[in-house]
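Reading through the structure tokens given below for one structure.
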Amino acid sequence: MLVSERAVVRLPVEMPLDKAALLGCAVLTGVGAVRNRARVAAGDTVAVIGCGGVGLNAVQAARLVGASRVIAVDLNPAKLERARQFGATDVVDASQSDPVDTVLALTGGGVDHALEVVGRGSTVEQAFAMTGVRGTTTVVGVARPDDIARLSPAIFMATEKRVQGSRMGSGNFRLDVPLYCDMYLRGQLMLDELISEVIDLSEVNRGLAELDGSDGARSVIRFD
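And the structure:
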């Protein structure tokens, strides 16, 4: 494969390549959204909607920066349990209760930061609704072009909330990837736990077909 030199980053020689493969999307996007775009600070409260590979990394990034409360929201109990392993202090099963009401009750009025990692207008609306006064909603999920989120203009003035987007972690991958490698090698960043399955190239079609319905976090393709 031929790529531009601008798309290449040097890895530490100690970095296992199967773990490094995770850094190109899920880790870069989830951790970067928290560190670079939302800029979650120690003591902040955080809600993450969607606990797939990207959402899990948002959860662990919030833990790493010292968030006082990290609330994971999903429809899948297995994913919520994995979110606990990555640092969620609370989990909300959106199939069993209204996630907005639950988060508002848990926090006494809303979180400082809500990260939407699903890519749907309805979950963007939920993220905004569970954000407290002067809080920030960061949209990380990739939505369909025709999907719409409806937010009342009056709320922006009354609450001073804001909504922003984050693409690929909003950072510099040539700086961020080596940093995340170092964090992994120091035992700070959980990467081993992200790998739910290792498959051969011959199984790639099955792996793709299971992306939407799988309980796993990330599959790694082995080429040898």
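If you're matching positions, the sequence shown starts at -6 in this note's numbering and goes up one per residue.
All C-beta atoms, glycine included, are put in the ideal place defined by N, C-alpha and C.
Since the structure is predicted, the reported quantities are computational estimates derived from the model, not experimental observations.
Under the 10 Å beta carbon count, A26 is surrounded by 16 or more other beta carbons and is classified as buried.
Residue nearest to L187 within the set S90, T116, Y177 and F121 is Y177 (criterion: CA-CA distance).
In the DSSP annotation of this structure, E109 is not part of any alpha helix (DSSP H); the continuous beta strand (DSSP E) holding it starts and ends at V104 to E109. In the three-state DSSP reduction, A98 falls in the helix class (H, G or I). Residue state for D37 is assigned as coil, using DSSP reduced to three classes. About 4 Å separates the beta carbon of G112 from that of A136, a gap short enough to meet the 8 Å contact definition. Distances from the CA of A65 to each of L108, N29 and V213 were compared; the closest alpha carbon is that of L108. With a cutoff of 8 Å on beta-carbon distance, C174 and P5 are scored as near each other. Assignment of R77 by DSSP, reduced to helix, strand and coil, places it in the helix class. Comparing alpha carbon positions, the residue from R211, V(-4), R32 and V170 closest to E190 is R211.
In this chain, D193 is not harboured by any alpha helix (DSSP H); it is covered by the beta strand (DSSP E) spanning I188 to D193. The residues A142, R143 and L144, in chain order, have a CB closer than 8 Å to that of E118 in the same chain once the five nearest residues on each side in sequence are set aside.
By the Cβ-count criterion, D185 is exposed, with fewer than 16 other Cβ atoms from all chains shown falling within 10 Å of its own Cβ. As DSSP reads the structure, I42 sits in a beta bridge with V66 and E109. DSSP, reduced to helix, strand and coil, places S115 within a helical segment of the structure shown. In the DSSP annotation of this structure, the continuous segment of the alpha helix (DSSP H) that includes R167 starts and ends at F166 to L178. Only residues of its own chain outside the window of five on either side were considered, and among them L194 have a CB closer than 7 Å to the CB of F216, listed in chain order. Contact between the segment 161 to 172 and the segment 19 to 39 is present, with at least three C-beta pairs closer than 8 Å.
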